[in-house]
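Peer 1: Numbering of the sequence shown is given in UniProt numbering, commencing with residue 1 and proceeding in unit increments.
Even for Gly, the Cβ is constructed at its ideal location relative to N, Cα and C.
Computed from a predicted model, the values in this text were never measured in an experiment.
Encoded as structure tokens, here's the structure I'll be asking about.
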Amino acid sequence: MNSEEGAGDAYDSPLFYLVMQYAHRADRDVVDMVSGSPDWDPPAAVREGLREYADGDPADFQYPPSEGLRRLREEMAARRNVDSDRVVVTNGAGEANYLAMARAMERDAGEEMVLTDPVYPYYPGKAQMLGASATKVPVATDGSLDLDAMRAAVSEETACVVVNTPNNPTGAVYDRESVAELVALAEENDALLLVDEVYDHFDFSGRFESALTFDSENVVVTSAYSKTMAITGFRVGYAVFPESLVEAAKTRHMLVNVATSRPAQAAVLRALEETPPEYYEAARDRLRDRIDAFTDALDAAGASYTDPDGGFYVLARFEEFPGTLENVKKLIDEAGVAGMPGEAFGEAYDDWIRFALCTPRADDAAARLADYFSASDE
Numbered sequence: 001m002n003s004e005e006g007a008g009d010a011y012d013s014p015l016f017y018l019v020m021q022y023a024h025r026a027d028r029d030v031v032d033m034v035s036g037s038p039d040w041d042p043p044a045a046v047r048e049g050l051r052e053y054a055d056g057d058p059a060d061f062q063y064p065p066s067e068g069l070r071r072l073r074e075e076m077a078a079r080r081n082v083d084s085d086r087v088v089v090t091n092g093a094g095e096a097n098y099l100a101m102a103r104a105m106e107r108d109a110g111e112e113m114v115l116t117d118p119v120y121p122y123y124p125g126k127a128q129m130l131g132a133s134a135t136k137v138p139v140a141t142d143g144s145l146d147l148d149a150m151r152a153a154v155s156e157e158t159a160c161v162v163v164n165t166p167n168n169p170t171g172a173v174y175d176r177e178s179v180a181e182l183v184a185l186a187e188e189n190d191a192l193l194l195v196d197e198v199y200d201h202f203d204f205s206g207r208f209e210s211a212l213t214f215d216s217e218n219v220v221v222t223s224a225y226s227k228t229m230a231i232t233g234f235r236v237g238y239a240v241f242p243e244s245l246v247e248a249a250k251t252r253h254m255l256v257n258v259a260t261s262r263p264a265q266a267a268v269l270r271a272l273e274e275t276p277p278e279y280y281e282a283a284r285d286r287l288r289d290r291i292d293a294f295t296d297a298l299d300a301a302g303a304s305y306t307d308p309d310g311g312f313y314v315l316a317r318f319e320e321f322p323g324t325l326e327n328v329k330k331l332i333d334e335a336g337v338a339g340m341p342g343e344a345f346g347e348a349y350d351d352w353i354r355f356a357l358c359t360p361r362a363d364d365a366a367a368r369l370a371d372y373f374s375a376s377d378e
């Protein structure tokens, strides 16, 4: 178990931006497999909703309700089987997670955040920003939760347990029994369990169940439409809070952001009402095909890799080529493929490299990696 103390004097620049900037400055063509920005079209209703909104009355261009458009919150709540008063529409899942972690700290029930390792790096970054300590618990070898290690880590000093399923970067989908254990741990230690479900539409296993199926005052669920609808630039997310915590979360949201973009909310509402299931199925099929082709190429390169049950990331480990920032830059310069160094996500997979499969050039990247590592072996 690795514990990192919280706030420092300055925030580190996210490695995501450092790698993307390096790839952008490269003197050759580079396939970007760093960014988690979907490359496929958004639902047609998103565009239609924006066009209709542009012709609206002047009143529609003014502040929306701070907690989100009422019809949108009602639609979200109906899909999640919760009361709409518990829903706060946020500027992406990033703000939703921030609000939940802030509420955890404000409860005066501990100052520690328990996270998985590997972990999406913005979680420990938010913990630092909020003055919390971050304890990272390595996952099992297959990417599933190490529940014994989680039990050992969570205590009365724990303010919040943060997990993401389907997971970025491992692709693991946490089964219902594992989430139930986390709910029980949170309740026993008076901590919040924050479950980020932003990749819920990209479950290939059929095992995903929302943590909202557990009726607990200790559970907050967050999500967004950034990935689901391929609209990362719209910044429409949401959090579902317990009744006891939602009003203060709404106040913090109002003080920090006032509100979330009104036209973006209107377009998402239109898409939720009109987009058929086939849209989401096509995205899953596309990703399955890309993952299969990409992992075939990793086989040809002699790599070890994760076989994701959800999301659109693959972690790969190449023999005698650890996933350091230096080697990631070398891949950019010599193979023309940009991935994320494993060290960005913690220590458990620090010699791996994460590749995002949301690019139409995934096959090209796979061929380049296979050629590069095959040549290296000669």
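One question on the structure: do E157 and E106 come within less than 7 Å of each other, judged by their Cβ atoms?
Peer 2: No. Outside cutoff.
Peer 1: Skipping 5 residues on each side, what residues in its chain have a beta carbon closer than 6 Å to that of S178?
Peer 2: Cβ within range, chain order: L145.
Peer 1: If you check the beta carbons only, do residue 382 and G323 fall under 7 Å apart?
Peer 2: Past the boundaries of the shown model lies residue 382; the chain is included only from 1 to 378, so the question cannot be answered.
Peer 1: Does the count of Cβ pairs from the stretch 280-287 and the stretch 324-334 closer than 8 Å reach three?
Peer 2: Flag = no, the stretch 280-287 and the stretch 324-334 do not touch.
Peer 1: What is the residue span of the beta strand (DSSP E) that D299 lies within?
Peer 2: No beta strand (DSSP E) holds D299; the alpha helix (DSSP H) holding it covers P277 to A300.
Peer 1: L99: which of G233, P118, L130 and E75 sits nearest, CA to CA?
Peer 2: Among G233, P118, L130 and E75, the Cα nearest to that of L99 belongs to L130.
Peer 1: Going by DSSP in three states, M33 sits in which element: helix, strand or coil?
Peer 2: In this structure, M33 counts as coil in the three-state DSSP scheme.
Peer 1: Can you give, in chain order, each stretch of the beta strand (DSSP E) that sits fully within the stretch 105-157 and has at least 3 residues?
Peer 2: Fully enclosed beta strand (DSSP E) runs of 3 or longer: 112-117 and 133-138.
Peer 1: Strictly by DSSP, which residues pair up with T170?
Peer 2: Its beta-bridge partners do not exist; DSSP assigns none.
Peer 1: Identify the residues that DSSP records as bridge partners of M340: which are they?
Peer 2: In DSSP, M340 forms a bridge with R354.
Peer 1: R28 and G339: beta carbons closer than 7 Å?
Peer 2: It is not a contact, given that the beta carbons lie outside the stated cut-off.
Peer 1: Between which residues of its own chain and Y349 is the CB-CB distance below 7 Å, once the five residues before and five after are set aside?
Peer 2: Cβ within range, chain order: P118, L315 and G342.
Peer 1: Let me know the secondary structure DSSP gives N327 once reduced to three states.
Peer 2: DSSP places N327 in helix when its eight states are reduced to three.
Peer 1: Does L255 pass the burial test, meaning 16 or more other C-beta atoms within 10 Å, or should it be called exposed?
Peer 2: It is exposed - the Cβ of L255 has fewer than 16 other Cβ atoms within 10 Å.
Peer 1: Can you tell me which of the three DSSP states T228 falls into?
Peer 2: If DSSP states are grouped into helix, strand and coil, T228 belongs with coil.
Peer 1: With burial defined as no fewer than 16 other Cβ atoms inside 10 Å of the residue's Cβ, what is the status of R25: buried or exposed?
Peer 2: It is exposed - the Cβ of R25 has fewer than 16 other Cβ atoms within 10 Å.
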